[in-house]
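Chemist:
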Amino acid sequence: ELVSCVGWTTADELYSCSDDHQIMKWNPVTSETTRVVKLPDDVYPIDLHWFPRGIGGKKQSQAESFVLTSSDGKFHLISKLGRVEKSVEAHCGAVLAGRWNYEGTALVTVGEDGQVKIWSKSGMLRSTLAQQGSPVYSVSWAPDSDKVLFTSGKQLIIKPLQPNAKVLQWKAHDGLILKTDWNSVNDLILSAGEDCRYKVWDSFGRVLYSSQPHEYPITAIAWALDGELFAVGSFNTLRLCDKTGWSYALEKPNTGSIFTISWSIDGTQLAGACGNGHVIFAHVVEQRWEWKNFEITLIKRRTMKVHNVMNEAVDLLEFRDRVIKASLNYGYLVVSTSLQCYVYSTKNWNTPLIFDLKEGTVSLILQAERHFLLVDGGGLYLYSYEGRLISSPKYPSMRTDILNAQTVALSNDTLAVKDKADEKVIYIFEALSGKPLGDGKPLTHKTEIVEIALDQKGLISERKIAFIDKNRDLFITSVKRFGKEQKIVKIGTMVQSLAWNDASNILCGIQDSKFTVWYYPNTVYVDKDLLPKTLYEIAASEFGRSAQVLSFVGNQVTVRMADGSLVHLHVSPYPAILHDYVSASRWGDGVRLCRFVKDQTLWACLAAMAVANKDMTTAEIAYAAIGEIDKVQYISSIKDLPSKESRLAHMLLFSGSSQEAETLLLQSGLVYQAIQVNINLYNWERALDLAVKHRTHVDTVLAYRQKFLEDFGKKETNQRFLQYAEGV
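Numbered per UniProt numbering, the sequence shown spans residues 1 to 728.
1) For residue 447, which of 438, 423, 441, 144 has the nearest alpha-carbon?
2) When you compare the CB positions of residue 594 and residue 547, do they come within less than 9 Å of one another, or not?
3) For a test of the three-state rule: what should DSSP assign to residue 239, helix, strand or coil?
4) For a minimum of 4 consecutive residues, which ranges assigned as the alpha helix (DSSP H) are wholly contained in the segment 626-690?
5) By DSSP's criteria, residue 617 is part of a beta bridge. Which residues make up the other side?
6) Could you check where the alpha helix (DSSP H) with residue 579 kicks off and where it finishes?
7) Can you give the Cα-Cα distance for residue 733 and residue 520, rounded to whole angstroms?
8) Given this structure, state the Cα-to-Cα distance separating residue 33 from residue 4, to the nearest angstrom.
9) Give the DSSP-derived three-state secondary structure of residue 721 in the structure shown.
10) Which residues share a DSSP beta bridge with residue 538?
11) Roughly how many angstroms separate the alpha carbons of residue 719 and residue 701, rounded to a whole number?
12) Given that a residue counts as buried once 16 or more other Cβ atoms are within 10 Å of its Cβ, and exposed if not, what is residue 568?
13) Rounded to the nearest angstrom, how far is the Cβ of residue 409 from that of residue 354, given a contact under 8 Å?
14) Would you say residue 14 and residue 271 are within 9 Å of each other, going by their C-beta atoms?
15) Going by Cα to Cα distance, which pick from 620, 630, 526 is closest to residue 657?
16) Quick one: grab the DSSP three-state call for residue 80.
17) So, using beta-carbon positions, are residue 95 and residue 121 closer together than 9 Å?
18) Considering residue 587, what are the terminal residues of the alpha helix (DSSP H) in which it resides?
19) Quick one, are the C-beta atoms of residue 604 and residue 530 less than 9 Å apart?
20) Do you know offhand how far residue 437's Cα is from residue 461's?
21) What residue does the beta strand (DSSP E) around residue 246 start on, and which one ends it?
22) Measuring straight from C-alpha to C-alpha, what distance separates residue 247 and residue 196?
23) Cβ atoms of residue 290 and residue 551: under 9 Å apart, would you say?
24) If contacts are defined as beta-carbon pairs under 8 Å, then residue 475 and residue 489 qualify, I think. What distance do you get, rounded to the angstrom?
25) Is it true that the CB of residue 116 sits closer than 9 Å to the CB of residue 125?
26) Please report how far the alpha carbon of residue 137 lies from the alpha carbon of residue 182, in whole angstroms.
27) So for residue 5, helix, strand or coil by DSSP?
28) Looking only at its chain, what residues have a beta carbon closer than 7 Å to the beta carbon of residue 43, apart from the 5 residues adjacent to it on each side?
29) Cβ of residue 584 within 9 Å of Cβ of residue 506?
30) Under the three-state reduction of DSSP, which class applies to residue 166: helix, strand or coil?
31) Hey, residue 510 and residue 549 are a contact pair by Cβ (cut 8 Å); roughly how many whole angstroms apart?
32) Just the Cα atoms here: how many angstroms apart are residue 90 and residue 477?
33) Using the beta-carbon count (16 or more within 10 Å), is residue 98 buried or exposed?
34) Hey, how far is the Cα of residue 152 from the Cα of residue 574?
35) If I measure Cβ to Cβ from residue 678 and keep anything under 6 Å in the same chain, skipping five residues before and after, which residues do I get?
36) Tell me the residue span of the beta strand (DSSP E) that contains residue 126.
This is how it looks when you write it as C-alpha cells:
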C-alpha cells in the first residue's frame, strides 16, 4: 500500500508509516529494515512528527516518541518502541497533519473539519485556534512558536496564538494548497499546490519565488534544517532547490506521487514517502567550494575532489564518516563529518589535522585568517587552525541552531552574533577570551537587523561592523564602544547583500540596481561629505532581486544570481594597494600611486585616510587633487598652529568632533582656544560657561556676542548674557 509519512529519529534511522497499517524502521547505512508495530485495522496513518530533540537544556541524542495522525479523527502518541502511549479524539473526519512546536511544549493538529487545535505535550486540548469551512491540509509553526501557518483552500493564513492579534491571510495559489513548511533559520515559507507550482514567501506574505507549472500537482515540500536547501516532491519527481528558488537537481524516480519529504537532522540526506509503497532515500552530493585557484567538490558522501586550476593537479580526500559541512577560505579547508573535524592546509592535502566533535551535527562553519568557528546545537566553539579550542562564547537565551552566515560574523579578534530573542541586538565578543567586548553591553539598533559582517584587517580598536536592517539600509559602526565613536552611521540604502574583502577593509554590496564598492567606509567618521567620492558603482540591473554576494577575495567578487548562475566581477586593485601603504604609514608611496592612477576616487580615499591618521601634508595634497579648496585652506591654517595639542584639536574639528576637540584643549590648559572654538561655532552658552568656570575672557565672549547681535540687528534677550554684561 502507499506510504503516507516518514520521519528521522537520528541521522541514520527513519520510521515510515503506510496504509498497510505497519510502522517500519529503516537504517540506510546498513540497509536494515524492521517492523516496529502493526496498527489496528481501522487506523490509516496520515502524518507523523517526532518530538523535538533538544528539550529544556538536556539534549537527547535521539527523539524518543512521535505523534501520528490518522483517518479516524484521532492522533496517537507513540513511543520509539512502537507502544501507543495515548490516543486522543481530535477532529471530525481525518486528522490531516500534526506538528510539535520547536520547544516541544505544544502540538498543533488540523483536520478535514477545518479546525486548527492546539494541544499540550501530554495531549490535553488547550484551545481551538481557528475554524474554516474547508479542510486544512497542512500546518507549520513560526520560528518562535508564537504563530501558526495553515492552509485554507487557495489561501495561506498566519495566525498568532495570542487572541486579538492581527491575522495575516493571502491568496497563494490558483489551486488547493497541499503542503507548507516554515524554516526557523531563514524565516521563509514554502507552499505547494494543486496548481502544480511551488512558491517561496517571506513571513510577511510577499512572494520571493514562484516556480513554472509542473505536469502534476506538487504533493510534498520540505526545508532542510539549516534553511539553505529545500526539496520538492511530485508524481515520479524529486527536485532539490536553493532557498532562493532555483533548482540544483531534478530526479525522475519511479515512485508514484511523493506524499511526504523528511530531511535528516544533519541535512545531508532526505527520505520520501511514495505512493507505490516505496520509501525513497536521497543524498545531497556535488556541493562546490571555491577559493582563489582551488575548486573542491563533494563527489561522494565521504569523498572530496580538490582541483587546483593553476596546475591542473587533482587530489582526492577520503573521510571516515559522511561529510556534513565544509568551508574553504584563508588557505584552509575545514570539513566536519558526523563525528570529527578535519583541517587541511591548501599547501598540503596529505596530512589533515583531525579532532573529535562533542555534539556532532555542525550547522555552520565560519573562517577568519587566524581561527575558525564551529556552530552546533550546543553552542559556539572557536578553534585555531592547529585544532586548539580557543573559546566558547555564551549569551543569554542562546539558541545556536538558528544561526547562519548572515547572523554571525567572525574576524581575527572579534565575534559578532545577531540575537533571535531581540532582533535589534548584536552581541560582540572578544575572540580569544570569549567574553563580551568592552563594557559588556550589546550593540543595539533602532530597527530589526537582517545581516551582519565584520571587517577583517587592522587593529581591534578600529574594528568595524557593517549591518543591514529590515528596511534594507546599510549601517556601519565601531565594535569598541566608547565616547563619540559609537555613532551608528548610515552609508547605503536598499542593500540586499554585502561582503568585506578578505585582505583589506573594503566593503562591497548589491544596492537596488547597482553594484557598489565602499573603498574606505571609515570616511564617514572623518569627513562625511567625502563618502560619495570614495565609492565605485556599476549598473547591475541584470542581477535581479535576490542576488547574493558570496565572496570578495583579492579583487574578485563572486555573485550568485537569482537564477543560480555565478558571476565574477573585478574591482580595481589600486585601493587595496593604497590600504596597504597607509597601514604601513608609507604616505609618499600612497601619493605616488594616486598620481600614477589619476583617479578621483583614489585621491578621495587617500584624503580620508590621511585625515584619519592625522597626516596633514598628505591630506593637503589629496584634497587639492580633488579640488576641495576650502579644506586645503583650513588644513594649511592648521599646519601653522604653534602647539601640537591645538593642531590635534583642529584636526578633530575638521572631522566634525567638536566635543572631543574642546575636551582636548581644556586638558592641555588652552582655555582661550576652547572658548574661541565655541564662539566660532556660535555655541554662545557653552563659551560663556567655560569663561565663567575658568574665570577668564568673559569680556571677550560678551564682545563677540555683542558684535554678532549688531551684525544681525538683534537685541540681547538671553538672561545670563544680560546679567554678566552688567558686571563687566
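Even glycine gets a Cβ: it sits at the ideal position worked out from N, Cα and C. For clarity, every value in this text was computed on a predicted model and none was experimentally measured.
Modeler: This is what the structure holds:
1) 423
2) no
3) strand
4) 629-639, 644-654, 658-667, 671-680
5) According to DSSP, residue 617 bridges with nothing at all.
6) 574-583
7) This structure leaves residue 733 out entirely; the chain is present only between 1 and 728.
8) 17 Å
9) helix
10) 515
11) 15 Å
12) exposed
13) With a Cβ gap of about 27 Å, residue 409 and residue 354 do not count as contacting.
14) yes
15) 526
16) coil
17) no
18) 587-597
19) yes
20) 11 Å
21) Run containing residue 246: none; DSSP gives neither H nor E here.
22) 16 Å
23) yes
24) 6 Å
25) no
26) 15 Å
27) strand
28) 21, 70, 72
29) no
30) coil
31) 6 Å
32) 53 Å
33) buried
34) 58 Å
35) 686, 687
36) 125-131
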